[in-house]
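>
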Amino acid sequence: MKPSWFTFFMLVAASLLNAQTDPISGQSPSDGASAKLEETKALLACGQMVADQLVALKIPDTRGLRFQGKVSEATALCQGGAQALQFRGTPWVDWGNYWGTGDMSSLPTGFISKKLPAQRGVAGALEDLELQRIELIKFNLFDNTGTFSEYVQCHNGVGGPSIKVWPEMRLQPSNPNYNAVGGDGDQVCKGDLIRWRTVTGTCNDILNPAMGSSGMLFARNVEFETAFPDLGLDQLTRNRHGNRLSLLEPDPQVISRRLLTRIQSSPDKCQAGYGLPNDSKDANCDYQKAPFFNVLAAYWIQFMTHDWFSHLDEGHNAPEYMKVGCATKLVNNVEVPLTPEDIAKLGCRPDDRMDKSYVAQDTPPGTFESGGHTYLARAPKTMANTNTAWWDASQLYGFDDTSRQRVKRDPADMAKLLLVPVAGEQVPGYLPVFGPNDPINPEWTGQEAAGFPDNWTVGLSFLHNLFAREHNSFVAEFRRVAAQTPNADCGLRDPAHPKKVIRYKDVTPDELFEIARLVVAAEIAKIHTTEWTPQLLYNEPLYLGMNGNWNGLLGENGGLLSKALSDIVVRNFGRSKDVAKTTTWYSVFASGPGIFGLGSKVPGYDITNPKYTNGGVNHFGSPFNFPEEFVSVYRLHPLVPDLLEYRDLKADPNKIVKRIPVVETFQGKATPFMQTMGIGNWGLTLGRQRLGLLTLHNSPMFLQNLKLSRLDSPTQQIDVVALDIIRDREHGVPRFNEFRRQYGLRQMTSFDDFMDPGATPGSPAQLEEQEAVRTLRELYGQHVCDASKVITDAQVNEDGSPINDCLGHPDGTLIDNIEDVDTAVGYLAEYRRPHGFAISETQFVVFILNASRRLFSDRFFTSCFRPEFYTTLGINWVNHNGPGPVVMEKGAPNGHVQPVSPLKRILLRNIPELASELEPVINAFDPWARDRGQYYSLAWKPRPGAESDDSFANQ
Ligand code: HEM
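In this text, residue positions in the sequence shown follow the working numbering: the first is 709, and each later residue adds one.
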């Protein structure tokens, strides 16, 4: 209980109550008075909220009682007033309706103070988000490698979530470093194996050498029993889906064409994504655009996924081929074959075939008993992540011996990546093209050299070239400092000679190459955390939250975030600042300056002692790898437009010169586009154009018709949009409603729930949503429900009863097959989102958990973020966003005094011709010609100087 806050709210409320009553006339209050009344009610509710929170901020013992992002009436009223109350009955999280969490319109009008309600709203949102994150860590970690039974039970008296070393994470005898880490004895990485990020990702965790390395199994975030619903392995699953699911039912190509295709106003100008001859600017492919996010951001996230995970091996799947739909449709809830007319109308292809996804294990998973409950020991099938799971820039530097051979170093300075000049532009040049002896697939011929070359287009070429240049910029600066002060201590240490000072001149080219890799990987992680994500989720709570993730939660400048977190963590886990006791959650979240640098400031740090080098990581009892569900929510193909609006820096940047189909830049075709048009023009092009909204009817046409020469099929074409659905089914991702329940979000009870409850009745937006709901109903169907069938154990009804097939509807009624909706369809159908969210709340909840974990688990972002590994120059480069001191941005965008963003600095450094274009840019992922307006505005308005930009003419 906090009497001081309580008394404060009551006193202010009482004074407002007096102020708004007219004692003489007793007349109804004016507008101003009604605002005061709302303010008073909110303040009175705040008093109640303080009492409510004693209960509400408790982390529940069982998953059935999770928070679901829904708060008490008093809390909603205190933090968001009447607006927040209005949407409490919907499935969507409440915090998006709090004061201050949107644009200017989210601030109250007529109140005595706008600042205090906004602060309450934002602080409340942060508290809700932290509560969700801690619950996610507690309830959603399921490792497939064999550690799960110990996690549930305990090991030698240590509680599952506190276990830190697992035999499953040992290197196998076939690994070349098996003996170096200790062979069949205790395995501990040492020496050169701990100094850098190894190619295959081994030895990031010193005591668990195999964790996160290439080839380890994908994890899960959902109970194993709910994975692979198509197999109908248990009674709950059979009750949930009847007998309705299979790999190709409902038909994925039919879903793709009916629900996900971009609707074209002039199909002849789009040509199914292939545009017009000569890249004519008269081409047009309509797509729904996000006003606050640019195409560079779309390619950025593809660039990231190529670092984090891959199901494919060198661009291929398993040898067997499968059908991919365009075969049936649902008529009166029965699947019937498509007629030739249906096929022609839909434009799908029955003869497409695709190689099946690899499966690592499909033998029965085995079970164990604990607390009277029988658990599966792993998912019914598992898949391997062929990439390193670490945020180690492996898309640039490789993830195994084969991919490393694709990475070209500069023979003139082996610390650098090779960049070659092209005609017209001398330095710094471009990545070399693959040669005849490079280990590549034939379809990658002609592409620029990269560790991860798959699904390459000009956007990936841009980012790979940019970061290769950044690598070399760091090396050049290191060499400059080394020339000036060759005998100075560079900060680096060798665990073999820990006391020996390493001078700048002692650093070998190989060492400098690996240091530059560490720096580039950390810059990428920083850009993603503090620049890409706050623009993806463009509102104040997420700005604060993401900066907290990077700079420190309870550390300096923690502010509102610090309060939110301490309220929850201290109440549930107590307070301990001892980083060594990382089983105490408080220390995990709070010690040191934050996640970044966590444990790196420990006194007496000893590079030879894992207590220090490994002491800052925390895996919460479950070895780190991405879960299948994470891959699913990163199927973000709608972000990509069909046509790129090409611009020329030397002409008028406001003019679109050509419309270049993305597909015309596919694979090796990207190289001439990059090299003849120049990286500066591509920066301008990708920076100015808006990306596609993640919503229904917005998937690229070219991806529905992608030609893949490697395919052994009659069409050699594939509908990637349909494939997104098929792959999730192959990987056993639970369908949308159970997916939400598993992640602690509120379930839907009919397709109508997808509609935005705030949409204006009869508006075009609402009509479109109604149409989408009708199509969902046609595609997924309905059934007569049976209330005797329990369908889940992930949550219970509000009255504590089990959730059954009728989802609250009367027994025996015809209800929507909402349980069957594919997750990748469901998250695109979420029309209600918090302000500035380019993704849905379902996708977001997956990010909350896994984005935190990939920082928490990586010692190079925690206890090894130190000069001994990065050099002093490297640490400062990451912290200051480049050489020299921090450079501050002008003014206070959205009220924050902040450094010039890391990506803007990298662009300025490595593509200087963009200087004038970038001058007004605050966040490199916000369309460069947009006026950011006031406080988190999403308006599509030109900034001064860009009034004649073509993209504002026809919006
Ligand atoms: C720009 C052009 C793009 C092309 C040509 C492309 C193509 C493809 C193809 C063909 C696949 C299927 C692989 C398979 O399962 O056999 C795929 C998978 C995938 N794509 Fe894209 N994609 C593009 C952009 C993006 C973007 C912007 C994202 C955003 C994150 C993305 C995320 C993914 C993911 C997560 C997968 C699943 C990968 C896996 O299972 O390992 N793609 N893409």
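Virtual Cβ for every residue (Gly too), placed ideally from N, Cα, C.
Once DSSP output is grouped into helix, strand and coil, what is the label at Ser1659?
Mapped onto the sequence shown, residue 1659 falls at position 951. Looking at Ser1659 - three-state DSSP - the assignment turns out to be helix.
> With 16 other CB atoms within 10 Å as the buried threshold, where does Thr770 fall?
Taking the first residue of the sequence shown as 1, we reach residue 770 at position 62. With fewer than 16 Cβ atoms within 10 Å of its Cβ, Thr770 is classed as exposed.
> Quick one: complete beta strand (DSSP E) runs, 3+ long, within the segment 1395–1481?
Runs of the beta strand (DSSP E) inside the segment 1395–1481: 1398–1400.
> What are the partner residues of Lys1037, as DSSP defines its beta bridges?
Indexing the sequence shown from 1 puts residue 1037 at position 329. For Lys1037, which the question treats as bridged, DSSP gives the partners Val1044.
> Less than 6 angstroms between C-beta atoms, sequence neighbours within five positions excluded: which residues of the same chain meet that for Glu1477?
On the sequence shown, residue 1477 is found 769 positions in, with the first residue counted as 1. Correct list, in chain order: Met1463 and Tyr1539.
> Given this structure, state the Cα-to-Cα distance separating Ile820 from Pro1601, to the nearest angstrom.
By 1-based counting over the sequence shown, the position of residue 820 is 112. By 1-based counting over the sequence shown, the position of residue 1601 is 893. Taking the straight line joining both Cα atoms gives about 25 angstroms.
> Keeping to the same chain, check which residues put their C-beta closer than 7 angstroms to that of Phe1017; ignore five residues upstream and five downstream.
Taking the first residue of the sequence shown as 1, we reach residue 1017 at position 309. Closer than 7 angstroms at Cβ, skipping near neighbours: Asn1093, Asn1095, Ala1097, Phe1334 and Val1339.
> Use the C-beta contact count for Gly734: other C-beta atoms within 10 angstroms, 16 or more gives buried, fewer gives exposed.
Taking the first residue of the sequence shown as position 1, residue 734 is located at position 26. With a pLDDT of only 33 at Gly734, under 50, the local geometry of the prediction cannot be trusted, and the value read off the model is given with reservation. Result: exposed.
> Quick check: the segment 897–905 against the segment 1219–1239, are at least 3 beta-carbon pairs closer than 8 angstroms?
Touching, yes.
> Taking C-beta to C-beta, are Ile1547 and Leu1402 nearer than 7 angstroms?
Mapped onto the sequence shown, residue 1547 falls at position 839. Mapped onto the sequence shown, residue 1402 falls at position 694. Against a cut-off of 7 angstroms, the Cβ pair of Leu1402 and Ile1547 comes out as a contact.
> Using a Cβ-Cβ cut-off of 6 angstroms (strictly less than) and excluding sequence neighbours within five positions of Ala1230, which residues of its own chain qualify?
The sequence position of residue 1230 within the sequence shown is 522, counting from 1. Excluding sequence neighbours, Ala1230 sits near Val1586.
> If Gly789 sits next to Ala833, beta carbons under 8 angstroms apart, how far is it from one beta carbon to the other, in whole angstroms?
For this step, residue 789 is matched to residue 81 along the sequence shown. For this step, residue 833 is matched to residue 125 along the sequence shown. No, Gly789 and Ala833 are not in contact; Cβ-Cβ is about 14 angstroms, not under 8 angstroms.
> Since Thr1500 is in the alpha helix (DSSP H), which residue starts that stretch and which ends it?
Residue numbering aside, residue 1500 sits at position 792 when the sequence shown is read from its first letter. Run containing Thr1500: none; DSSP gives neither H nor E here.
> Which two residues bound the contiguous alpha helix (DSSP H) that contains Tyr1007?
Position 299 of the sequence shown holds residue 1007. Looking at the DSSP string, the run of the alpha helix (DSSP H) that includes Tyr1007 is Val1003 to Trp1016.
> Considering only DSSP beta bridges, list what Cys862 is partnered with.
In the sequence shown, the residue the question calls residue 862 occupies position 154. Gly867.
> What does DSSP give as the partner residues of Glu1077 in its beta bridges?
Here residue 1077 corresponds to residue number 369 of the sequence shown, with the count starting at 1. For Glu1077, which the question treats as bridged, DSSP gives the partners Thr1082.
> Beta-carbon separation of Met1091 and His1024 under 7 angstroms?
Start at 1 with the first residue of the sequence shown, and residue 1091 comes out as number 383. Start at 1 with the first residue of the sequence shown, and residue 1024 comes out as number 316. No; because the gap between Cβ atoms is not below 7 angstroms, this pair is not in contact.
> Can you give me the C-alpha to C-alpha distance between Thr1165 and Pro1635, rounded to a whole angstrom?
Start at 1 with the first residue of the sequence shown, and residue 1165 comes out as number 457. Start at 1 with the first residue of the sequence shown, and residue 1635 comes out as number 927. Each residue's alpha carbon lies about 20 angstroms from the other.
> Compare the Cα-Cα distances from Leu953 to each of Ser1624, Tyr806 and Pro937 and report the closest residue.
Translated into the one-based positions of the sequence shown, residue 953 becomes position 245. Leu953 has its Cα closest to that of Pro937, out of Ser1624, Tyr806 and Pro937.
> If contacts are defined as beta-carbon pairs under 8 angstroms, then Asn1257 and Leu1563 qualify, I think. What distance do you get, rounded to the angstrom?
Your numbering for residue 1257 matches position 549 in the sequence shown. Your numbering for residue 1563 matches position 855 in the sequence shown. Between Leu1563 and Asn1257 the Cβ distance is about 7 angstroms, and since that is below 8 angstroms, they are a contact.
> Do three or more CB pairs link the segment 922–937 to the segment 1390–1407 at distances below 8 angstroms?
The segment 922–937 vs the segment 1390–1407: no contact.
> For Thr1483 and Gln756, what's the separation of their Cα atoms in angstroms?
Translated into positions along the sequence shown, residue 1483 becomes position 775. Translated into positions along the sequence shown, residue 756 becomes position 48. Thr1483 and Gln756: Cα-Cα distance of roughly 44 angstroms.
> Under 8 angstroms Cβ to Cβ from Leu879, same chain only, skipping five residues before and after it: list those, please.
Residue numbering aside, residue 879 sits at position 171 when the sequence shown is read from its first letter. Around Leu879: Asn885, Tyr886, Val889, Gln895, Thr910, Pro917 and Ala918.
> How many Å lie between Ala1184 and Pro1369 at the Cα?
Position 476 of the sequence shown, counting from 1, holds the residue named residue 1184. Position 661 of the sequence shown, counting from 1, holds the residue named residue 1369. Cα to Cα, the separation comes out at about 37 angstroms.
> Helix, strand or coil: which one does DSSP assign to Val889?
Here the question's residue 889 lines up with position 181 in the sequence shown. Coil, per DSSP.
> State the start and end residues of the unbroken beta strand (DSSP E) segment that holds Pro1129.
For this step, residue 1129 is matched to residue 421 along the sequence shown. Its beta strand (DSSP E) spans residues Val1128 to Val1130.
> For the alpha helix (DSSP H) that contains Lys977, what are its first and last residues?
For this step, residue 977 is matched to residue 269 along the sequence shown. Note, Lys977: alpha helix (DSSP H), Pro975 to Cys978.
> For a test of the three-state rule: what should DSSP assign to Thr1316, helix, strand or coil?
Taking the first residue of the sequence shown as position 1, residue 1316 is located at position 608. Here Thr1316 sits in coil by DSSP.
> What residue range does the alpha helix (DSSP H) around Ala1123 cover?
In the sequence shown, counting from the first residue as 1, residue 1123 sits at position 415. That residue, Ala1123, is in no alpha helix (DSSP H); its beta strand (DSSP E) goes Asp1121 to Leu1125.
> Helix, strand or coil: which one does DSSP assign to Tyr1105?
Counted from its first residue, the sequence shown places residue 1105 at position 397. Three-state DSSP puts Tyr1105 in a helix.
> Buried or exposed for Met1062, going by 16 or more other Cβ atoms inside 10 Å?
Locating residue 1062 in the sequence shown gives position 354, where the first residue counts as 1. Met1062 comes out buried.
> Please confirm whether any heavy atom of the ligand HEM lies closer than 6 angstroms to the CB of Ser1548.
Start at 1 with the first residue of the sequence shown, and residue 1548 comes out as number 840. No, since every heavy atom of the ligand HEM falls outside the 6 angstroms radius drawn around the Cβ of Ser1548.
> Verify whether the separation of the beta carbon atoms of Gly1033 and Asp959 is less than 7 angstroms.
Counting from one through the sequence shown, the residue named residue 1033 turns up at place 325. Counting from one through the sequence shown, the residue named residue 959 turns up at place 251. The answer is yes: Cβ separation under 7 angstroms.
> Just checking Thr1013 against the ligand HEM - is the residue's beta carbon closer than 6 angstroms to any of the ligand's heavy atoms?
The sequence position of residue 1013 within the sequence shown is 305, counting from 1. Answer for Thr1013: yes, Cβ within range of the ligand HEM.
> Spatial neighbours of Lys1234 within its chain, please: C-beta separation below 7 angstroms, excluding the five flanking residues on both sides.
Mapped onto the sequence shown, residue 1234 falls at position 526. Excluding sequence neighbours, Lys1234 sits near Trp1258, Val1586 and Pro1610.
> Would you identify the three-state DSSP class for Phe850, choosing helix, strand or coil?
Walking along the sequence shown from the start, residue 850 turns up at place 142. Residue state, collapsed to three classes: strand.
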